[in-house]
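Colleague: Take a look at this one; I'll ask things after.
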Amino acid sequence: MTLALAYFYTLSIGCPMKSTISFFVRSKNAIMQNGITNASHASFGLVEFKKMLIASSLGVLLPNAHAEDLKLASASSDSVVNAATQATVPPPVPSTTDYDALFAKLQPKGFNIGLPGPTDTVDPQAFGLRKALADMGIGYFGMNIINTAGNTLANSARETNGKQSYNGQKFTYYDTLYAGLTYDLSRYGIPDGQIYVAGMLNWVSWQPMGPNKFGISEASYYQTLLNKRFELKLGYLANSWEFVNYSVGGSLASSVFGPSGSIPIQGGMSNNETPTPGANLTVNVTDKFYVKGGVQRSVNPDGLQAEIKYNQRGFKWNTPNAGTLSIGEVGYKQTPKDGTPYTWVRAGGAYNDSSSNSYSHPGTRTDHNSWYYLLGDRQIWQMQPGSSPGRGIYVGGSVMYAPPESNVVSQYYEARIYGKGLIKSRPYDLASLVLTDTVWSQYAVDNAADKGSMVHRDSKAATLSYSARITNGVYAGIGLAYVNHPTTIAYQSDTGSALNLLANLNVFF
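Mind the numbering: the sequence shown is residues 0 to 508 in numbering that gives the first Met the number 0, read in order.
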């Protein structure tokens with residue numbers, strides 16, 4: 000956590016937030032337009048550093064910021080009485096409950112994934128730092144995610160054509176340190192307004208799972224309009240946290256193909272490793288039904304590694320061959336209540352005009368690509384409807400498609416069953432069984448066969464996993480994933496299958 004805060008302290012000195020806030024306030028009326036899962040850190044003067052950070056934040060970040068968290072209406076129109084009251088009665092000290100509500104208000108906004116709240120972190124109070132920052136309208140969120148995978152089948156080859164070709168073929172890990180700062184713009188009259196800036200440091204042992212990166216993860220502006228009917232978000236966005244949400248079954252911990260095995264990521268959707276400029280608009284038609292659309296600069300069509308090669312820190316407006324990706328989603332989402340089970344159905348599609356490799360005409364490129372998805376999750380049993388309606392058993396399914404002419408992964412199918420808090424004394428644990436089938440492009444398969452490779456046309460997997468909450472902000476998981484045909488299309492006679500032992504540790508601060 001200290002490492003992450005040090006990183007953002009450095010950013011704040013180099014790019015004062017005051018000017019950023021001023022820019023967004025001036026721009027308010029001009030911009031109304033258009034997801035891992037996985038750690039110990041050395042202590043280096045934590046208390047001293049936090050004192051320094053608070054002092055620097057007061058002097059550098061927000062020299063003119065108000066100290067009040069809420070603008071209180073006057074109880075009297077008599078200015079003399081008001082002045083006397085203010086001079087003799089000290090301001091009320093916010094209670095712990097007040098601060099909990101304020102901390103929640105300062106959480107990053109606009110995501111469609113669930114993030115642990117400040118009370119479910121390893122440092123809910125952080126020696127007073129969280130409160131001190133909250134009084135200035137500043138919040139923070141961070142996490143350290145570690146995933147590992149290793150094939151336990153002794154007769155399966157540890158290399159394909161001299162190199163690793165899937166997650167777990169050799170012992171594989173990735174370690175991500177992510178941290179972000181929010182600033183509350185509602186104090187300036189902007190409804191639910193927020194600036195969010197986040198960065199990440201990523202280490203991986205197999206580049207398709209990452210690759211390695213140190214840079215920006217998001218820099219965004221968010222606000223609502225017309226009493227929350229509309230939500231607007233723009234900036235450098237990670238749309239894998241804004242659309243689709245395939246995190247239960249599509250976790251990187253269980254995927255042997257890495258992020259590129261995901262049809263949305265393959266199709267150019269930005270993620271927290273490769274944010275791109277864009278804007279999203281959500282229309283909340285009712286409290287359950289929504290329509291969401293977005294326009295972003297596509298991630299490089301040659302993959303995540305190419306994107307980071309040309310845009311290592313994440314700030315560049317464009318990269319070679321990258322065009323524009325437009326995405327739309329409609330959904331129905333019912334939160335669990337007493338007697339009303341959880342339901343979430345979402346469907347969408349995207350069009351990408353980047354210059355992509357053509358698999359139907361090898362050696363050429365095409366200027367159009369697209370992909371489509373349908374996902375649904377339904378709670379079929381509520382364990383404690385009155386006190387904890389979210390606990391129980393869920394089922395879900397996913398179907399995704401991308402044209403085989405321009406995509407290696409052409410079809411993806413998933414069925415899942417999972418339980419939340421099934422053990423009475425373990426309300427935050429999650430158990431899941433996920434079955435998947437990844438179907439390769441018929442053109443890509445034929446091209447590999449024409450070169451003399453042994454090929455397969457799909458890859459089926461079954462993953463059983465359990466994630467447990469160890470303590471506040473600490474989650475650990477373990478699982479087994481059996482994969483038939485674990486490589487992408489080409490394989491060797493000794494490739495075999497994979498039985499990956501999976502483990503992860505997630506720490507939130």
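Cβ coordinates follow ideal geometry from the N, Cα and C atoms, glycine included.
Quick one: Cα of Ala103 to Cα of Phe508, how far?
Modeller: For the purposes of this step, residue 103 is identified with residue 104 of the sequence shown, where counting begins at 1. For the purposes of this step, residue 508 is identified with residue 509 of the sequence shown, where counting begins at 1. Straight-line Cα distance between these residues: approximately 13 Å.
Colleague: Using a threshold of 7 Å, state whether the C-beta atoms of Tyr187 and Asn146 are closer than that.
Modeller: Position 188 of the sequence shown, counted from the first residue, corresponds to residue 187. Position 147 of the sequence shown, counted from the first residue, corresponds to residue 146. The answer is no: Cβ separation not under 7 Å.
Colleague: Judging by CA-CA distance, which residue of Thr151, Phe140, Gly113 and Phe126 is the nearest neighbour of Tyr481?
Modeller: By one-based count along the sequence shown, residue 481 stands at place 482. Minimum Cα distance to Tyr481 is reached at Thr151.
Colleague: Near Ala497, which residues of its chain fall below 8 Å by C-beta distance, leaving aside the five closest residues on each side in sequence?
Modeller: What you label residue 497 is simply residue 498 of the sequence shown in a count that begins at 1. Excluding sequence neighbours, Ala497 sits near Asn150, Leu152, Ser155, Tyr165, Gly167, Gln168, Val255, Ala480, Tyr481, Val482 and Pro485.
Colleague: Distance, Cα to Cα, Tyr442 vs His455?
Modeller: In the sequence shown, counting from the first residue as 1, residue 442 sits at position 443. In the sequence shown, counting from the first residue as 1, residue 455 sits at position 456. In a straight line, the C-alpha of Tyr442 is about 12 Å away from that of His455.
Colleague: Beta-carbon within less than 7 Å of Asp511's beta-carbon, same chain only, minus the 5 sequence neighbours each way: which residues are those?
Modeller: No statement about residue 511 is possible, as the shown extent of the chain runs from 0 to 508 and does not include it.
Colleague: Quick check: the segment 123–143 against the segment 288–296, are at least 3 beta-carbon pairs closer than 8 Å?
Modeller: Because the criterion of three Cβ pairs below 8 Å is not met, the segment 288–296 and the segment 123–143 do not touch.
Colleague: To test your reading of the DSSP string, which unbroken beta strand (DSSP E) runs of 3 or more residues are found completely within the segment 425–487?
Modeller: Complete beta strand (DSSP E) runs here, min 3: 429–439, 457–470 and 473–483.
Colleague: Quick one: what's got a C-beta closer than 7 Å to Asp352's C-beta in the same chain, skipping five residues either side?
Modeller: Within the sequence shown, numbered from 1, the residue matching residue 352 stands at position 353. Correct list, in chain order: Gly322, Thr323, Asp366 and His367.
Colleague: Use the C-beta contact count for Ser386: other C-beta atoms within 10 angstroms, 16 or more gives buried, fewer gives exposed.
Modeller: The residue you call residue 386 lines up with position 387 of the sequence shown. So Ser386 ends up on the exposed side.
Colleague: Based on the DSSP output, what are the partners of Ser355 in its beta bridges?
Modeller: On the sequence shown, residue 355 is found 356 positions in, with the first residue counted as 1. Looking at the DSSP assignment, Ser355 forms a beta bridge with Thr365.
Colleague: Assuming the contact rule is C-beta atoms closer than 8 Å, Ile477 and Leu501 should be a hit. Round their C-beta distance to whole Å, please.
Modeller: Locating residue 477 in the sequence shown gives position 478, where the first residue counts as 1. Locating residue 501 in the sequence shown gives position 502, where the first residue counts as 1. Contact holds; Cβ gap of about 7 Å.
Colleague: Is the beta carbon of Ser239 sitting closer than 7 Å to the one on Asn283?
Modeller: Working through the sequence shown from its first residue, we reach residue 239 at position 240. Working through the sequence shown from its first residue, we reach residue 283 at position 284. In this structure, Asn283 does not lie closer than 7 Å to Ser239 by Cβ.
Colleague: Using the rule of at least 16 other Cβ atoms within 10 Å of the residue's Cβ for burial, across every protein chain shown, is Asn160 buried or exposed?
Modeller: Taking the first residue of the sequence shown as position 1, residue 160 is located at position 161. Looking at its Cβ environment, which holds fewer than 16 other Cβ atoms inside 10 Å, Asn160 is exposed.
Colleague: Are the beta-carbon atoms of Gly266 and Ala401 separated by less than 7 Å?
Modeller: Within the sequence shown, residue 266 is the residue found at index 267, counting from 1. Within the sequence shown, residue 401 is the residue found at index 402, counting from 1. Yes.
Colleague: Under a Cβ-count criterion, where at least 16 other Cβ atoms within 10 Å of its own Cβ denotes burial, should Lys336 be classed as buried or exposed?
Modeller: Numbered from 1 along the sequence shown, position 337 holds the residue referred to as residue 336. Lys336 should be labelled exposed.
Colleague: Looking at the structure shown, is Pro388 part of a helix, part of a strand, or coil, going by DSSP?
Modeller: Numbered from its first residue, the sequence shown carries residue 388 at position 389. Pro388 falls in the strand class under three-state DSSP.
Colleague: Under a Cβ-count criterion, where at least 16 other Cβ atoms within 10 Å of its own Cβ denotes burial, should Lys287 be classed as buried or exposed?
Modeller: Reading the sequence shown from its first residue, position 288 is the one you call residue 287. By the 10 Å Cβ count, Lys287 comes out exposed.
Colleague: Hey, how far is the Cα of Pro117 from the Cα of Gly179?
Modeller: By 1-based counting over the sequence shown, the position of residue 117 is 118. By 1-based counting over the sequence shown, the position of residue 179 is 180. Whole-angstrom Cα-Cα distance: 13 Å.
Colleague: When DSSP builds the beta bridges, which residues end up paired with Met382?
Modeller: In the sequence shown, the residue the question calls residue 382 occupies position 383. Answer by DSSP bridge pairing: none, since Met382 is not bridged.
Colleague: What are the boundary residues of the alpha helix (DSSP H) that includes Leu184?
Modeller: On the sequence shown, residue 184 is found 185 positions in, with the first residue counted as 1. No alpha helix (DSSP H) holds Leu184; DSSP gives it neither H nor E.
Colleague: When you compare only the Cα positions, how much space is there between Ile137 and Ile189?
Modeller: Here residue 137 corresponds to residue number 138 of the sequence shown, with the count starting at 1. Here residue 189 corresponds to residue number 190 of the sequence shown, with the count starting at 1. C-alpha separation (whole angstroms): 15 Å.
Colleague: How long is the line joining the alpha carbons of Asn143 and Val506, rounded to whole angstroms?
Modeller: The residue labelled residue 143 in the question sits at position 144 within the sequence shown. The residue labelled residue 506 in the question sits at position 507 within the sequence shown. Distance between the alpha carbons of Asn143 and Val506 is about 5 Å.
Colleague: Buried or exposed, going by whether 16 or more other CB atoms sit within 10 Å of the CB of Thr334?
Modeller: For the purposes of this step, residue 334 is taken as residue 335 along the sequence shown, with counting starting at 1. So Thr334 ends up on the exposed side.
Colleague: Using a 10 Å radius around the Cβ and a threshold of 16 neighbouring Cβ atoms, would you call Pro91 buried or exposed?
Modeller: The count along the sequence shown starts at 1 and reaches residue 91 at position 92. Caution applies to Pro91, whose pLDDT of 46 falls short of 50 and renders its modelled position unreliable; the model cannot decide the point.
Colleague: Report the rounded CA-to-CA distance for Met31 versus Tyr289, giving the unit in angstroms.
Modeller: Sequence index remark: in the sequence shown, residue 31 carries index 32 (1-based). Sequence index remark: in the sequence shown, residue 289 carries index 290 (1-based). At Met31, the pLDDT of 38 sits below 50, so the modelled position is not reliable; the number obtained from the coordinates is stated separately. Those two C-alpha atoms are separated by around 18 Å.
Colleague: Quick check on Tyr245: does DSSP put it in helix, strand or coil?
Modeller: Sequence index remark: in the sequence shown, residue 245 carries index 246 (1-based). Correct three-state label for Tyr245: coil.
Colleague: Determine the contact status of Ile262 and Trp439, defining contact as a CB-CB distance below 7 Å.
Modeller: For this step, residue 262 is matched to residue 263 along the sequence shown. For this step, residue 439 is matched to residue 440 along the sequence shown. No, the Cβ-Cβ distance between Ile262 and Trp439 is not below 7 Å.
Colleague: Does Asn226 pass the burial test, meaning 16 or more other C-beta atoms within 10 Å, or should it be called exposed?
Modeller: As a working note, residue 226 is residue 227 in the sequence shown. So Asn226 ends up on the exposed side.
Colleague: Between Met268 and Ala349, how many whole angstroms is the CB-CB distance? I'm expecting something under 8 Å.
Modeller: Translated into the one-based positions of the sequence shown, residue 268 becomes position 269. Translated into the one-based positions of the sequence shown, residue 349 becomes position 350. Confirmed, about 7 Å.
Colleague: Taking Pro403 as the reference, give the member of Glu230, Phe213, Ser355 and Val394 with the closest Cα.
Modeller: Against the sequence shown, residue 403 aligns to sequence position 404. Cα-wise, what sits closest to Pro403 is Ser355.
Colleague: Where in the segment 119–164 do unbroken runs of the alpha helix (DSSP H), each at least 4 residues long, occur, reported from the N-terminal end onward?
Modeller: Taking only runs of at least 4 residues, the alpha helix (DSSP H) segments lying wholly in the segment 119–164 are 128–134.
Colleague: With a Cβ-Cβ cutoff of 7 Å, do Arg345 and Leu374 count as a contact?
Modeller: Start at 1 with the first residue of the sequence shown, and residue 345 comes out as number 346. Start at 1 with the first residue of the sequence shown, and residue 374 comes out as number 375. Yes; because the gap between Cβ atoms is below 7 Å, this pair is in contact.
Colleague: Going by DSSP in three states, Pro190 sits in which element: helix, strand or coil?
Modeller: The residue labelled residue 190 in the question sits at position 191 within the sequence shown. Reduced to three states, the DSSP call for Pro190 is coil.
Colleague: Report the rounded CA-to-CA distance for Lys291 versus Val196, giving the unit in angstroms.
Modeller: Here residue 291 corresponds to residue number 292 of the sequence shown, with the count starting at 1. Here residue 196 corresponds to residue number 197 of the sequence shown, with the count starting at 1. About 22 Å.
Colleague: Is DSSP giving Met208 helix, strand or coil here?
Modeller: By 1-based counting over the sequence shown, the position of residue 208 is 209. DSSP places Met208 in helix when its eight states are reduced to three.
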